[in-house]
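*Asks:* With the first letter of the sequence shown counted as 1, position 77 gets the number 77 in this note's numbering; the numbers rise by one all the way through. The beta carbon of each residue, even a glycine, is placed where N, CA and C say it ideally should be. Being a predicted model, the structure only gives us computed values, none of them experimental. Take this structure, written in structure tokens, and hold onto it; I'll ask about it next.
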Amino acid sequence: MPRVVLSGYYGFQNAGDEAILYSIIKALRKVSPDIEMLVLSNSPSETSLRHGVEAANRWCIKEIYSEIRKSDLFISGGGSLLQDVTGLKSLVYYLGIVFLAKLLGKPVMFYAQGIGPINSFIGRVLTKIAADRVDLITVRDENSRK
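See below:
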């Protein structure tokens, strides 16, 4: 059965991001009812309980590496993850996990991503490098497509 790792702003008690995660899980189960999902979360036990999926600590690189290695697909979930308005650190975090998945030979999908604004030069370069290597990109709005 297929195994997917999902990354996003999950486990922070943000209603919008939790709704996005709920929608992604529902869509994946509709396509593949027997799919196994693991969510990278700030609060793994809460995410697991709330959404009925496995969850791992998003801050533990050893866990992230292990789970991506066991997966068939890595999904960077929707929202406004790929932006640097709130700082470069979060952009580097999300892109770093994408690069790790690609280094491990996994297909990667950007799912309903909001991309931008990305104001820093390094942020734009890293995002372009990552986007050029991602296997499938869906965006949530017209501005993100550009």
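Just how far apart, CA to CA, sit residue 111 and residue 32?
*Replies:* 16 Å
*Asks:* Tell me residue 57's beta-bridge partners as DSSP assigns them.
*Replies:* 41
*Asks:* With DSSP as the reference, please indicate the residues paired to residue 36 in a beta bridge.
*Replies:* 3
*Asks:* Could you give the C-beta distance for residue 94 and residue 42, rounded to a whole number, given that I count them as a contact under 8 Å?
*Replies:* 13 Å between Cβ atoms; not a contact.
*Asks:* Assuming residue 20 and residue 8 are in contact, meaning their beta carbons sit under 8 Å apart, how far apart are those beta carbons, in whole angstroms?
*Replies:* Rounded to whole angstroms, the Cβ separation of residue 20 and residue 8 is 7 Å, and the two are in contact under 8 Å.
*Asks:* Based on the DSSP secondary-structure assignment, which residues constitute the bridge partners of residue 137?
*Replies:* 110
*Asks:* CA-CA distance, residue 135 and residue 105?
*Replies:* 11 Å
*Asks:* Taking 7 Å as the threshold (C-beta atoms), are residue 54 and residue 38 in contact?
*Replies:* yes
*Asks:* Check for me: the beta strand (DSSP E) holding residue 75 runs from which residue to which?
*Replies:* 73–76
*Asks:* Please return the same chain residues whose Cβ sits closer than 8 Å to the Cβ of residue 16, not counting the five positions on each side in sequence.
*Replies:* 79
*Asks:* Starting from residue 28, follow its DSSP beta bridges and name the residues at the other end.
*Replies:* None; residue 28 has no bridge partner.
*Asks:* At what residues does the alpha helix (DSSP H) containing residue 96 begin and finish?
*Replies:* Note, residue 96: alpha helix (DSSP H), 88–103.
*Asks:* Would you mind sorting residue 125 into buried or exposed? The rule is 16 or more other CB atoms within 10 Å of its CB.
*Replies:* exposed
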